[in-house]
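Novice: In my numbering, the protein residues as written are 99 to 357. Glycine included, C-beta positions come from ideal geometry on N, C-alpha and C. My questions all concern the structure below.
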Amino acid sequence: MYENLIWNTHGSIVVIQLNRPSKKNSLNKQLRVELENAIRQLRDDPSLRVVIITGGEDIFSAGADIGEVQQAASSESTYKYAREFQVLFDHIESLPQPVIAAVSGYAVGGGCELALSCDFRIASETAKFGLPEVKIGAIPGGGGTQRLPRLVGAAKAKEILFTGDPISAGDALSLGLVMKVVAKEKLLEEARSFAAKLAALPRLSLEASKKLVNRGLQMDLTSALELELRCLAALATSHDAQEGALAFLQKRKPNFTGE
99 MYENLIWNTH GSIVVIQLNR PSKKNSLNKQ LRVELENAIR QLRDDPSLRV VIITGGEDIF
159 SAGADIGEVQ QAASSESTYK YAREFQVLFD HIESLPQPVI AAVSGYAVGG GCELALSCDF
219 RIASETAKFG LPEVKIGAIP GGGGTQRLPR LVGAAKAKEI LFTGDPISAG DALSLGLVMK
279 VVAKEKLLEE ARSFAAKLAA LPRLSLEASK KLVNRGLQMD LTSALELELR CLAALATSHD
339 AQEGALAFLQ KRKPNFTGE
């Protein structure tokens with residue numbers, strides 16, 4: 099089904115592994131198309147509750163495929179090429195499911211931007227994050243200049259963008275770029291454990307919370323608060339909201355169905 103991705107399902111948890119090891123998991127056209135297809139498959143299947151995106155043990159992704167970059171020689175072709183990355187990462191960010199990036203080794207350029215589009219990042223001790231485009235006279239074009247400052251603040255984002263230097267897993271943790279750093283051999287185990295915790299929670303509540311955070315950051319406070327109320331009202335008639343309240347009153351564990 100996929101040539102450049104490995105898709106594994108563990109109950110309601112999906113692990114998607116980038117699989118172009120000979121090209122350092124660079125995001126060529128074929129891999130990007132396969133990721134788009136995987137996203138559509140995920141969006142259409144509510145039984146798949148949490149997504150983990152990972153790479154290899156030694157490299158998450160080196161970003162754009164240099165061969166393709168060289169072909170985008172004009173301003174218009176460069177715009178169209180970078181726009182494909184933005185659309186892909188927007189689709190990942192807007193998935194209804196929580197998405198976890200499990201990062202080992204280098205996540206640079208578009209690989210870093212891929213990780214930034216996920217809801218959570220768990221890193222191995224070997225992970226390094228970077229947006230080095232300034233060193234070749236360019237800038238990130240897959241959302242790096244926008245998502246990074248929203249995560250770590252403007253001043254630190256400027257330091258990372260202006261110097262192009264990679265940051266270690268420890269520094270990424272201190273900045274809030276990643277939520278946890280673990281030994282390399284424990285990375286997927288830790289990601290699956292966190293995914294299982296999320297998968298056990300009410301699906302519609304998680305979807306609403308994700309939408310509210312993502313959209314609310316782009317809205318004025320009054321409009322965002324109104325959206326919050328409307329989402330809460332819509333959830334009130336769901337099975338899980340009613341079951342959660344009843345289970346609380348009856349002092350028992352709720353039986354969430356995702357509806």
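1) How many angstroms separate the CA atom of Phe218 from the CA atom of Ala160?
2) What residue range does the alpha helix (DSSP H) around Arg141 cover?
3) Applying the 10 Å Cβ sphere with the 16-neighbour rule, what's the burial state of Ala213?
4) Cβ atoms of Gln195 and Arg147: under 8 Å apart, would you say?
5) Output the residue ranges of the beta strand (DSSP E) runs that lie fully inside the stretch 244-317 and measure 3 residues or longer, sorted by chain position.
6) Report the option in Glu166, Asp156, Gln139, Ile137 whose CA atom is closest to the CA atom of Lys362.
7) Are Lys233 and Gly207 touching if we call contact CB-CB under 8 Å?
8) Keeping to the same chain, check which residues put their C-beta closer than 6 Å to that of Gly356; ignore five residues upstream and five downstream.
9) Can you give me the C-alpha to C-alpha distance between Ile220 and Ala205, rounded to a whole angstrom?
10) Beta-carbon separation of Leu344 and Ser303 under 8 Å?
11) Excluding five sequence neighbours on each side, which residues of the same chain lie with their C-beta closer than 8 Å to the C-beta of Ala136?
12) Since Phe345 sits in a beta bridge, which residues does DSSP pair it with?
13) Could you tell me if Val185 is buried or exposed, where buried requires 16 or more neighbouring beta carbons within 10 angstroms of its beta carbon?
14) Given this structure, state the Cα-to-Cα distance separating Ser172 from Ile164, to the nearest angstrom.
15) What residue range does the alpha helix (DSSP H) around Tyr179 cover?
16) For Val250 versus Gly274, is the C-beta spacing smaller than 8 Å?
17) For Val167, report the span of its alpha helix (DSSP H) as first-last.
18) Going by DSSP in three states, Lys122 sits in which element: helix, strand or coil?
19) Looking at C-alpha atoms only, which residue of His189, Asp188, Ala253, Ser215 is the closest neighbour of Val201?
20) Please list the terminal residues of the continuous beta strand (DSSP E) segment that includes Arg219.
21) Classify Gly235: buried if its beta carbon has 16 or more other beta carbons within 10 angstroms, exposed otherwise.
22) Helix or strand or just coil, what does DSSP make of Lys226?
23) Measure the alpha-carbon distance for Glu257 versus Glu231 and round it to whole angstroms.
24) Taking 8 Å as the cut-off, decide whether the C-beta atoms of Asn123 and Ile151 are in contact.
25) Return yes when the Cβ of Arg130 is within less than 8 Å of the Cβ of Glu182, no when it is not.
26) Can you tell me where the alpha helix (DSSP H) with Thr320 in it begins and where it stops?
Specialist: In brief:
1) 19 Å
2) 127-141
3) buried
4) yes
5) 278-280
6) Because the chain here runs from 99 to 357, residue 362 falls outside it and cannot be looked at.
7) no
8) Arg301
9) 12 Å
10) no
11) Tyr100, Leu103, Trp105, Ile114
12) A quick correction: the sequence has Ala, not Phe, at residue 345. Ala345 pairs with nothing; no bridge assigned.
13) exposed
14) 15 Å
15) 173-191
16) yes
17) 164-169
18) coil
19) Ser215
20) 218-222
21) exposed
22) strand
23) 13 Å
24) no
25) yes
26) 319-333
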